Amino acid sequence: MTTSDGYVGATTKIVDHGSDVDRWCLVVVGDGYQSTELAQYRADVQSFVTRLRSTPPFGELWCGINVFRIDVVSTESGADEPATCGDGGTGSGASPRTYFDTTFCSIGPGAVPISRLLAGNSTEAKAVAKARVPQVDQVVMLVNSSRYGGSGGPVATASTNAFEIAIHEMGHSAFGLADEYGGDGTGTTAGESPKPNVTRDVNRATNKWRDLILATTPMPSACGVTSGSSPTPCPGCTPPATPPPAGAVGTYEGGDYSNCGVYRPLPSCYMRDYGPFCPVCARVIRQTLTPFLPPETVTPPALSLDFGGVPEGLGGVGVTTYRAIVFEVVSCRQIAFRITSGPTGGFAAPFGTTVIADPASSITPINRVPVWIGYTSTTAGTTASGSVTIRSDELGQSWTISLTARTIPRPKSAVAMVLDHSGSMSEDAGDGTLKVQKLREAASTFIAAMLPGDGIGVVRFDDTAQRLMDITNVGPLNGGTGRTTALGHINGSALDPAGATSIGGGVLEGAATLNASAGYDVRAMVVLTDGVQNTPPMLADVTPSITANTFAVGLGLPANLNVAALSVLTQGHNGYLLITGAVTPDQRTRLTKYFLQILAGITNAAVVVDPSGQLPSGTVHRIPFDVTEADYGLDVFVLTPEPKWLECVLQAPDGTLIDAGVLAAEGTGEQAGQAGLSLYRLVLPAVPSKPDGSHQGRWYVLLRLRAGGKGRYTSEYSAARYGGAVPYDVVVHAYSSLELRGWLTQPEYAPGTSVSLTAQIMEYSRVLAEGAQVWADITDPAGSYLGANLTADTSGTFGGSFVATIPGVYRVRLRASGTTTARMPFTRELTLTAAVRVGVEPPDVRPDPWCDLVRCLVANPKVFEQFGADAEFVKCLERICRSSHSAAAAERHRV
Amino acid sequence: MDEEGWYEQGQRPEPRPSIPATRHALRLTFQFDGDNVELIDTERLEKLVPPMIGDPPDEGKHVGEWLQVRDGDDRPIFTRLLNDPLRTRVEVHDPEEGPHIVVGPPDRGTFDVLVPDLPDAAYAVLFASPAPGKGRGRGLRPAEPLGRFDLRGQGSDPGTAS
């Protein structure tokens, strides 16, 4: 039971406000914590530090304090508790071997054992503290015991449920404060105490804290009674005729261990009963620690704030953007910044006019205090200028900041669809439909949903790549010429499966298609493939030359795809790779949803919800989704094999039902449809005359099967085809200033790889750090559900990870929910995929010059006819080339 | 606790007290056995030192314990109030009875005091009220010098009681 019963571990500076030379240094050591209990010790220390900081006036002085934690490990757990103590107390009888040998029933002066006196080897504790932190000012020892106890002296000691004892004892040892409780006079100073918070002097002209006593406060302020079983009024004290009001500093009899003749500043104080430190004690603490405070500084913001170009919204509805005027404050006191004038010129103060720098909100004295200014775009070409004046009364300063912004056209996007139509696209996707059919559905929905003014181009690739369509403005939502032309290519024979796979060739042609376009602000490429590249140019060779934002969709399993090469291609170009895995009948729209999510990424829309369902005849399904004040437009997609029979309307928060007719009448949107798709596109508020009821709040998508028809052409018949209920998927996109950004990374693709997930929620271009949670619904290749919570760091970045062990596709649905700064609930989601494969990425297949020659001869029969060669022989060679090529590809697929 | 409520009485916290402008300190370690006190270690270190608070106690008037740093002419230049450095009492925090003290006869042990390392510092003088009889603790009579220690040594050399 000595220092041989453990060891001194690490020292950690847990509160760091700068050099130990210039700060007041508090060192915490522990006793009775085994190595397995260090986590608990650290939590206990943190709790004590939090308690100290929240005890006024320490909070306002906090940036003058450094705190160190020394991990002292004991051989055994707890503290000594003698079974019987000389004062009649009892204990558990435990006698653990601990480093500082703390014990209850410590021996007081005169060899008196006291059961609640918890003390250890304070000399050793102080030596450990000085050795680790030479500038130590105060040592606190926390003892791993839930029994109440503690002690003072050189080291303030307390058990883990008696932090107030340590703080009270610090009042003595660090700040020279006297005890303010009374008693029978044992230990009381006979004359005037030099301690600052007790006195025998009730003369308001000479009392040591006279500057805190109001002229109206009677002196003495209250008289005490003698101690003992028959208390009587203290002699020599005349009670005031009218007691002073609560909280009035005066002279209240009783203190320094005597009920009579000694006075304290207030009835209650930490030095008497653990109540808040009285003003006299608080002032002493302030005076002691103030020299340790770093200088208070405020770095003013730039005197101009430029929003730059803010794009137009949809349908004439502006996009709102926030920017912050930031003050960097180094201070331990609260400093308020309030707008005293403006903002003028069409700018707004969306979060109120006063922001307070609160040192309690930061673990360092440095606070970045944002005063937010908002701007809502109008029509392209419009400029705005104004100003705002911000004042800090505490600092006595004002700043006038000029504000400027301009509205620019909505950024136009050009998209090149680079589509695989190699022979394998004729295979079954897994749900009974051909891969090429899946591609046509997904690409058609993508094109149908593109925003007017955006451009679409189409490239196909097999052995080589061919541009089917230059980048062309899609035109209006309904009947746009470019849209119609693109859909013709997608659904025409040009995409009939044939040939080998040159993904690199397709990517190069896609890039060339984009480069040939003009008048677009964003260029993006969407690559779909179902196989392994087997014809040059290879992805590794072309990826460095790509500049467009690039997304890829792998239709199939990781083992059959160039996962690594496609990941490099996409992640290096602001995109990502999504892999479908095996498409099952219940996931028939997965590819289409992937395409819609990619479209949202290109057009800066956010996925709000993405549910699926089965709708029986005669039933109404109500699918809720939340719209926030940050949303300014909506796309509501309903994907179903029976769009003709599925009727869809929207219900606004005030109950207003909104369909195509209402949107047309209000001029706020329209409906579009095609095979498998029904789409509502609207701006918010959907009903301008009801801005509150048709914008933020809980919306619903209402679905039912249309009545009517005869024979086979009824909803009942349609439902019967799907087992009694028509399947559907609802996807809601919001055009919004609130978005969920997510990233998935994995260092390798072998089973057992760790998959990291990162997410941020951006609100008006700033990280939403509070009021949100992010989690991941993960489905493994076997269809099992894995959940993962993402935890936020102090910057608002969420992180999490999971281990992927089964070969195949892990589908990760990142989901976020919470409330916006304006307290409106929201949801967002984003699907990402992780891939696991056994074996290595298939090697690139380089060209076989002999087979190339044979193909050349087949393509030019006159050449070999000149040499008398047999045409059938050459064709035979070409078949051998093709079969060997396929065999090689099949072998790679087995890797 | 609403600190602002206190200030509304028309009183603001005092401005930062004047302190010796030094970031050099002496940590003086004393060993005691009853009233016999020795300075056993003088550690020089770079450190800002908490200031004196309030008026310094007067020899012959105040009771209690304090350490005074004096210059070569024996003039006080810094005073640090001490809290029972000779350990004649312990404070007991009893959840049922509340805090109270138990006093006893002189003890033995060590204590240290942090003072500014002032260029003029020559002596440290420890004041304490004389120890009374058993069970009464110190503090019945004004404090007297209990030891006078030479600070004019170097580094961590122990001072000399004189």
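Protein sequences appear in the order of chains V and E. Take the position in the first sequence, starting the count at 1, then add 738; the result is the number in my numbering. Take the position in the second sequence, starting the count at 1, then add 2; the result is the number in my numbering. We put the CB at the ideal spot given by N, CA and C, even for glycine. In this text, all values refer to a predicted model and were calculated from it rather than measured experimentally.
Contacts of Asp96/E in chain V (Cβ-Cβ under 7 Å): For the purposes of this step, residue 96/E is taken as residue 94 along the second sequence, with counting starting at 1. Residues of chain V passing the Cβ test: Arg854.
Rounded separation between Glu146/E and Pro78/E - CA only: The residue you call residue 146/E lines up with position 144 of the second sequence. The residue you call residue 78/E lines up with position 76 of the second sequence. Looking at the two C-alpha atoms, the distance is approximately 15 Å.
Nearest residue (CA-CA) to Val850/V, options Gly111/E, Asp96/E, Gly106/E, Phe34/E: Taking the first sequence and counting its residues from 1, one reaches residue 850/V at position 112. Among Gly111/E, Asp96/E, Gly106/E, Phe34/E, the Cα nearest to that of Val850/V belongs to Gly106/E.
Length of the line joining the Cα atoms of Pro1039/V and Thr1127/V: Counted from its first residue, the first sequence places residue 1039/V at position 301. Counted from its first residue, the first sequence places residue 1127/V at position 389. Near 12 Å, if we compare the C-alpha coordinates of Thr1127/V and Pro1039/V.
Closer than 8 Å to chain V by CB, Arg138/E: To locate residue 138/E, count along the second sequence from 1; it is residue 136. For Arg138/E, the predicted structure reports a pLDDT of 47, less than 50, and the residue's modelled location is therefore unreliable. A value from the coordinates is still provided. Yes, because at least one Cβ of chain V sits closer than 8 Å to the Cβ of Arg138/E.
Cβ distance (whole Å) where Ala1554/V is taken to contact Ile1499/V below 8 Å: Position 816 of the first sequence, counting from 1, holds the residue named residue 1554/V. Position 761 of the first sequence, counting from 1, holds the residue named residue 1499/V. About 6 Å; that satisfies the 8 Å criterion.
Arg1148/V versus Thr1341/V - alpha carbon distance: Working through the first sequence from its first residue, we reach residue 1148/V at position 410. Working through the first sequence from its first residue, we reach residue 1341/V at position 603. Roughly 10 Å separates the two Cα atoms.
Contact list for Asp769/V against chain E, beta-carbon separation under 8 Å: The residue labelled residue 769/V in the question sits at position 31 within the first sequence. The contacting residues do not exist; Asp769/V stays about 17 Å from chain E at best.
Contact list for Glu61/E against chain V, beta-carbon separation under 7 Å: Residue 61/E sits at position 59 when you count from the first residue of the second sequence. Those do not exist, as Glu61/E stays about 11 Å from chain V at its closest Cβ, beyond 7 Å.
Tyr1008/V beta carbon less than 8 Å from that of Cys998/V: Residue mapping note: residue 998/V aligns to position 260 of the first sequence, counting from 1. Residue mapping note: residue 1008/V aligns to position 270 of the first sequence, counting from 1. Going by C-beta atoms, Cys998/V is not nearer than 8 Å to Tyr1008/V.
Proximity test, Cβ basis, 8 Å: Asp109/E and chain V: To locate residue 109/E, count along the second sequence from 1; it is residue 107. True, the Cβ-Cβ gap to chain V drops below 8 Å.
CB-CB length for Ser897/V against Leu856/V, believed under 8 Å: In the first sequence, counting from the first residue as 1, residue 897/V sits at position 159. In the first sequence, counting from the first residue as 1, residue 856/V sits at position 118. Indeed they touch by this definition, with Cβ atoms about 6 Å apart.
Assumed close pair Ala916/V, Gly993/V - CB separation to whole angstroms, cut-off 8 Å: For this step, residue 916/V is matched to residue 178 along the first sequence. For this step, residue 993/V is matched to residue 255 along the first sequence. The Cβ separation is near 7 Å, so the contact holds.
Cβ separation of Asp109/E and Pro847/V, assumed to be a contact under 8 Å, to the nearest whole Å: By one-based count along the second sequence, residue 109/E stands at place 107. By one-based count along the first sequence, residue 847/V stands at place 109. At roughly 6 Å, the Cβ-Cβ gap stays under 8 Å, so Asp109/E and Pro847/V are in contact.
Beta-carbon proximity list for Ala1343/V, same chain, < 7 Å, skipping 5 on both sides: Taking the first residue of the first sequence as position 1, residue 1343/V is located at position 605. So the list reads Asp1373, His1471, Ala1472, Tyr1473, once near-sequence residues are dropped.
Alpha-carbon to alpha-carbon, Ser844/V and Ala1062/V: In the first sequence, residue 1062/V corresponds to position 324, counting from 1. In the first sequence, residue 844/V corresponds to position 106, counting from 1. Answer to the nearest angstrom: the Cα atoms are 58 Å apart.
Contact under 8 Å by Cβ, Leu1524/V with Gly1538/V: Sequence index remark: in the first sequence, residue 1524/V carries index 786 (1-based). Sequence index remark: in the first sequence, residue 1538/V carries index 800 (1-based). No, these two residues do not count as a Cβ contact at 8 Å.
Coarse secondary structure for Val1306/V, derived from DSSP in three states: Locating residue 1306/V in the first sequence gives position 568, where the first residue counts as 1. Reduced to three states, the DSSP call for Val1306/V is helix.
Between the CA atoms of Asp1192/V and Pro1282/V - distance to the nearest angstrom: Position 544 of the first sequence, counted from the start, is the residue given in the question as residue 1282/V. Position 454 of the first sequence, counted from the start, is the residue given in the question as residue 1192/V. When rounded, the distance between both Cα atoms is 26 Å.
Chain E contact residues for Lys946/V, given Cβ-Cβ distances below 8 Å: In the first sequence, the residue the question calls residue 946/V occupies position 208. Those are Gly56, Asp57, listed as they occur along chain E.
Extent of the continuous alpha helix (DSSP H) to which Arg82/E belongs: Here residue 82/E refers to the residue found at position 80 when the second sequence is read from its first residue. No alpha helix (DSSP H) holds Arg82/E; the beta strand (DSSP E) holding it covers 78-84.
Partners in chain V for Leu50/E, counting only beta-carbon separations shorter than 7 Å: Taking the first residue of the second sequence as 1, we reach residue 50/E at position 48. Correct list: Val759, Asp760, Pro1029, Phe1030.
8 Å Cβ cutoff, Lys751/V in contact with chain E: By one-based count along the first sequence, residue 751/V stands at place 13. No, Lys751/V does not count as interfacial toward chain E.
Outcome for Lys63/E when other beta-carbon atoms lying within 10 angstroms are tallied against a minimum of 16: Here residue 63/E corresponds to residue number 61 of the second sequence, with the count starting at 1. The residue in question, Lys63/E, is exposed, as its Cβ has fewer than 16 Cβ neighbours within 10 Å.
Sub-8 Å separation of Val1291/V and Leu1266/V beta-carbons: By one-based count along the first sequence, residue 1291/V stands at place 553. By one-based count along the first sequence, residue 1266/V stands at place 528. Yes, Cβ-Cβ distance for Val1291/V and Leu1266/V is below 8 Å.
contact_flag[the region 775-791 of chain V, the region 901-908 of chain V] where n(CB pairs < 8 Å) is 3 or more: With a cut-off of 8 Å, the region 901-908 of chain V and the region 775-791 of chain V count as touching, because enough Cβ pairs lie within range.
One or two residues paired with His64/E in a DSSP bridge: For the purposes of this step, residue 64/E is taken as residue 62 along the second sequence, with counting starting at 1. Answer by DSSP bridge pairing: none, since His64/E is not bridged.
For Ile1361/V and Pro1349/V, believed in contact at Cβ under 8 Å, the rounded distance: The residue given as residue 1349/V occupies position 611 in the first sequence. The residue given as residue 1361/V occupies position 623 in the first sequence. Pro1349/V to Ile1361/V, Cβ: 6 Å. Contact.
His102/E - containing alpha helix (DSSP H), residue span: Numbered from 1 along the second sequence, position 100 holds the residue referred to as residue 102/E. Taken as a continuous stretch (DSSP letters only), His102/E belongs to no alpha helix (DSSP H), being part of the beta strand (DSSP E) at 100-105.
Cutoff 8 Å: His755/V Cβ touching any chain E Cβ: For the purposes of this step, residue 755/V is taken as the residue at position 17 of the first sequence. With 8 Å as the cut-off, His755/V does not count as an interface residue toward chain E.
DSSP state of Phe1045/V mapped onto helix, strand, coil: As a working mapping, residue 1045/V is identified with position 307 in the first sequence. It is a strand residue.
Within chain E, the residues that Gln873/V reaches when beta carbons sit closer than 9 Å: Locating residue 873/V in the first sequence gives position 135, where the first residue counts as 1. Here the neighbours are Ala27, Leu47, Glu48, Lys49, Leu50.
Those residues which DSSP pairs with Cys1386/V across a bridge: Taking the first sequence and counting its residues from 1, the one referred to as residue 1386/V is at position 648. Cys1386/V pairs with Leu1441/V.
Classification of Glu1629/V by the beta-carbon crowding that lies within 10 angstroms, buried from 16 upward: In the first sequence, residue 1629/V corresponds to position 891, counting from 1. The predicted position of Glu1629/V is uncertain, since its pLDDT is 41 and thus under 50; no value can be drawn from it.
Rounded C-alpha distance that separates Ser1160/V from Val1270/V: Position 422 of the first sequence, counted from the start, is the residue given in the question as residue 1160/V. Position 532 of the first sequence, counted from the start, is the residue given in the question as residue 1270/V. Approximately 11 Å, taken between the alpha carbons.
Ala1278/V - containing alpha helix (DSSP H), residue span: Your numbering for residue 1278/V matches position 540 in the first sequence. Start and end: 1277-1280.
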